[in-house]
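Everything below concerns the one structure shown next.
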Amino acid sequence: MDNSYGRAQLVGYSSKINEAELTNKQKQESRNLVIAALVAPLIIVAAFQIAAFFYTEFSRLAWLILGIVLGIIIMIALLVQSTKRKHVTNFEGELVKKQVRKKSSGDPQTGMIETYYLHSLIFRDTKGKTQKYSERCATKEPTENAWSRYLQIGDKVRYHAQQDFFEKYDKSNDALLPCVECRTLFDIALNNCPQCNTTAIKP
Ligand SMILES: [Zn+2]
4 MDNSYGRAQL VGYSSKINEA ELTNKQKQES RNLVIAALVA PLIIVAAFQI
54 AAFFYTEFSR LAWLILGIVL GIIIMIALLV QSTKRKHVTN FEGELVKKQV
104 RKKSSGDPQT GMIETYYLHS LIFRDTKGKT QKYSERCATK EPTENAWSRY
154 LQIGDKVRYH AQQDFFEKYD KSNDALLPCV ECRTLFDIAL NNCPQCNTTA
204 IKP
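If you read the sequence shown in our numbering, its first letter stands for residue 4, the second for the next number, and so on.
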């Protein structure tokens, strides 16, 4: 640990995020959903063809049609999901409000109801516009959101959409820094993440 590292040096945005080779998390997430949207219907159709061997009350054609219809529904659901991003563009602003709302989604008739917490961070950007960042957390505790714990009201931040990452302007009161790549919180005096060795995003 470098004890000569000055706290005053921890004020300001870092250019290191542009220099480090980082995973484009948005692209990766979208790509995974598109792959799932293409593969899932095939698996369903294949599974229904296997089912047709065992359950002969329905014709093979009926199983095929059922498989295709269900496959298409699932494909649409996954593609819709891939367009629901947490936040699309970069911005710079100040955190003005934090919200946590308990929500549920699903079909009450089938009893398939999922309860989750929707964490929202509301920022006023440098142009005076409101920017809202929301994240679903399927945890039982409303406090289990890393960004809402890390960021406090009044914090100035820069949001990097590609990495889905918030960088604080003033890190001089912090003991820990989040890793841009793996999200581990580590000692702010370190220059690299101890988990994945990615460059620390600090001035
Ligand atoms: Zn890391």
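Ideal placement from N, C-alpha and C gives every residue a C-beta, glycine not left out.
- Counting along the chain, the unbroken beta strand (DSSP E) around serine 137 starts and ends at 133-140.
- Residues whose Cβ lies closer than 6 Å to any heavy atom of ligand 1, listed in chain order: Cys182, Glu184, Cys185, Thr187, Cys196, Gln198, Cys199, Thr201.
- DSSP, reduced to helix, strand and coil, places arginine 161 within a strand of the structure shown.
- Taking a cut-off of 8 Å for Cβ pairs, the segment 187-202 and the segment 21-33 touch, as three or more such pairs fall below it.
- Contact between valine 103 and tyrosine 120 holds, with the beta-carbon distance rounding to 6 Å and staying under 8 Å.
- The segment 123-133 makes no contact with the segment 171-191; the number of CB pairs closer than 8 Å stays below 3.
- Residue environment analysis places alanine 40 among the buried positions, since at least 16 neighbouring C-beta atoms fall within 10 angstroms of its C-beta.
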